[in-house]
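Notes for the one structure printed next.
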Amino acid sequence: MEAFLSSTLAVAIAEIGDKTQLLALFLVAKYGRPYIISLGVLLSTVLNHALSAWVGAWLGDKIPPQYIPWIISASFLAVAIWLLVPDKEDDDMGKFSQYGPLVATCILFFLAEIGDKTQIATVILAAQYQTQVLWVVAGTTLGMLIANVPVIFAGKWLMQRIPLTLAHRCAFVLFLALAVITLAKAYLS
Numbered sequence: 004m005e006a007f008l009s010s011t012l013a014v015a016i017a018e019i020g021d022k023t024q025l026l027a028l029f030l031v032a033k034y035g036r037p038y039i040i041s042l043g044v045l046l047s048t049v050l051n052h053a054l055s056a057w058v059g060a061w062l063g064d065k066i067p068p069q070y071i072p073w074i075i076s077a078s079f080l081a082v083a084i085w086l087l088v089p090d091k092e093d094d095d096m097g098k099f100s101q102y103g104p105l106v107a108t109c110i111l112f113f114l115a116e117i118g119d120k121t122q123i124a125t126v127i128l129a130a131q132y133q134t135q136v137l138w139v140v141a142g143t144t145l146g147m148l149i150a151n152v153p154v155i156f157a158g159k160w161l162m163q164r165i166p167l168t169l170a171h172r173c174a175f176v177l178f179l180a181l182a183v184i185t186l187a188k189a190y191l192s
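Converting from the sequence shown to the working numbering requires adding 3 to each position, the first position being numbered 1.
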């Protein structure tokens with residue numbers, strides 16, 4: 004359950020103000036089909052995060068155990084710092100919009116997640132919770148939905164009321180805490 008809750012919280016907070024939220028706003032503005040766009044986010048996230056978690060678990064299995072807490076902690080710290088750098092909006096939608104809202108959302112969200120903070124976080128969490136990869140995927144997917152579905156349904160209203168700098172700072176603190184907790188659990192137990 005710890006893997007699920009940590010994954011959900013980490014991704015939900017890290018995703019606030021991310022480029023995929025901007026993409027969700029753009030998609031709902033273009034298509035106006037929030038249920039279809041939400042389904043596309045779900046499908047692309049499950050696939051992307053399942054692949055990411057598999058890589059994380061594989062890496063966690065190959066790295067000597069004494070190095071894992073240090074690597075995971077350093078990775079959490081890197082993601083924390085990365086969260087302080089604002090995202091840019093990319094406009095690759097033109098190529099995929101002809102396929103309709105579901106296909107466009109699936110493709111664009113999958114591509115937007117490649118190398119993104121939440122994908123890296125999924126790899127790190129899966130390396131940390133190697134025996135609970137399914138819970139990591141479920142948690143990161145739920146975190147992604149928690150952050151994006153409200154934007155899809157009430158995006159403009161929400162984005163005017165949540166200061167992005169505050170969201171990024173909260174996510175920074177969360178990932179910094181995860182870095183410290185990872186080392187503390189490894190060496191204080």
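From the three backbone atoms N, C-alpha and C, an ideal C-beta is built for every residue, glycine too.
With distances taken from CA atoms, which of the options is nearest residue i?
| i | options | result |
| --- | --- | --- |
| Q24 | V154, V176, L191 | V154 |
| A174 | G35, W85, L42 | W85 |
| G142 | L26, I66, L128 | L128 |
| D119 | I71, V14, L80 | V14 |
| W138 | A60, F29, V31 | A60 |
| T121 | S9, L186, I74 | S9 |
| Y38 | W160, L105, H171 | L105 |
| E5 | Y132, R164, A150 | Y132 |
| K22 | F112, V152, V58, L46 | F112 |
| F99 | A83, V82, K33 | K33 |
| I110 | L46, A187, L191 | L46 |
| V176 | R36, Q69, A81 | A81 |
| V58 | I149, N151, V136, R36 | V136 |
| I40 | Y70, V140, V152 | V152 |
| G35 | F156, R164, D64, Q69 | F156 |
Look at the Cβ atom of residue i, then the Cβ atom of residue j, and state whether they are nearer than 8 angstroms.
| i | j | result |
| --- | --- | --- |
| G49 | A27 | Looking at the sequence shown, residue 49 is not Gly but Val. No; because the gap between Cβ atoms is not below 8 angstroms, this pair is not in contact. |
| L12 | G103 | no |
| L30 | A130 | no |
| H52 | T168 | no |
| A189 | A124 | no |
| L42 | H171 | no |
| P72 | T185 | yes |
| A187 | I19 | no |
Strictly under 8 angstroms for the Cβ-Cβ distance: is residue i near chain C by that measure?
| i | result |
| --- | --- |
| I40 | Protein chain content of the structure displayed is limited to a single chain, and chain C is not contained in it. |
My assumption, with CB atoms under 8 angstroms, is that residue i sits in contact with residue j. Please give the rounded CB distance.
| i | j | result |
| --- | --- | --- |
| F79 | F178 | 5 angstroms |
| V126 | S55 | 5 angstroms |
| A115 | A182 | Going by Cβ atoms, the distance from A115 to A182 rounds to 25 angstroms, so no, they are not a contact pair. |
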